[in-house]
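To start, the structure itself, in structure tokens.
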Amino acid sequence: MRRLTMIFAILFLLVIGVAAQDMSGAHVRIAHFSPDAGSVDLYVDGALLAEEVNFGDVTEWESYEAGKHVVTIVPTGETADNSVLDVDVSLNDGDWVTVAVIGEAARDTLSAQVLLQDYSPTNEGETRVTFFNAIPDGRPVDFYANDVALAVTVGYPGFLGPDSDGMASSDIVAGTYTLSAKGDDGSDLAAIEDVTLGAGRYYLFAAVGLAADPQYVFVSTDL
């Protein structure tokens, strides 16, 4: 059986909770899901957003006006002129967008996937989980809550065709679950056990790393 590993500040919190304060405009966060890209600094429209962002880190939500914006990813300590990736992001009012840095620097496949997440109100007593497959050299992934498959055959962006974005979402009854990612052959990839999903909250569960060392990132948002 593959070793189950996780990326977490486990000494502090088992679940990262992010409270979004400003509901106006559009909302953007950036996720570092490239396993070998190293530490990076992040800029939006030329302004420094975050420094020393490491694999598995997800920034807090920031609000921006609707329109076109440029996200720039730079090796930590370098200037924006030495970017390894520049991403154009078009935003509409009310958007909640995660810009996921994915791929492998060593294979020159570093890229970004813009994930437009559904943060519309859930039904009473329910919660919403967004799933994302960021394992660049792996097969499609099935995502489970306990023994129930919530999203199946979720391929790495582009793996199942040019329009496949690697993302799926599901609304489930709030409660305590084991969330897991499994290969399409049934193999265990990564799991977080006994996590409580609160009503009206929104979560991101991403399968990350490489096929030989699958990991996960789990982030919650409370509007």
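In our numbering, the protein residues as written are 388 to 610. Glycine included, every Cβ here is placed at the ideal spot set by N, Cα and C.
1) CA-CA distance, P601 and A578?
2) Does the Cβ-Cβ distance between A487 and Q500 come in under 7 Å?
3) Just checking my contact of D575 with T565 at CB under 8 Å: how many whole Å lie between their CB atoms?
4) DSSP has P462 in a bridge; who is on the other side?
5) Please go through the same chain and pick out, in chain order, the residues whose beta-carbon is closer than 8 Å to the beta-carbon of T446, but skip the five residues on each side of it.
6) Going by beta-carbon coordinates alone, are P462 and F442 separated by less than 7 Å?
7) Looking only at its own chain, which residues have a Cβ that is under 7 Å from the Cβ of D383, when we skip the five neighbours before and after it?
8) Does the separation of the CB atoms of V560 and E511 fall below 7 Å?
9) Give me, in chain order, the residues of the same chain whose beta-carbon lies closer than 8 Å to that of S556; leave out the 5 immediate sequence neighbours on both sides.
10) Do the segment 526-538 and the segment 476-486 make contact, defined as three or more Cβ pairs closer than 8 Å?
11) Let me check one thing: in DSSP terms, what residues is I489 bridge-paired to?
12) Taking the C-alpha atoms as reference points, what is the distance between G412 and G481?
13) With C-beta atoms as the reference, is P544 less than 7 Å away from D550?
The structure says:
1) 10 Å
2) Note that the C-beta distance between A487 and Q500 is below 7 Å.
3) That belief does not hold up - the Cβ atoms of D575 and T565 are roughly 11 Å apart, past 8 Å.
4) V427
5) R416, I417, A418, L429, L436, A437 and V440
6) no
7) Any answer about residue 383 is impossible in this case: the structure gives the chain only from 388 up to 610.
8) no
9) Q504, D505, R515, V516, T517, F518 and A538
10) With the cut-off at 8 Å, the segment 526-538 and the segment 476-486 do not touch.
11) S498
12) 6 Å
13) no
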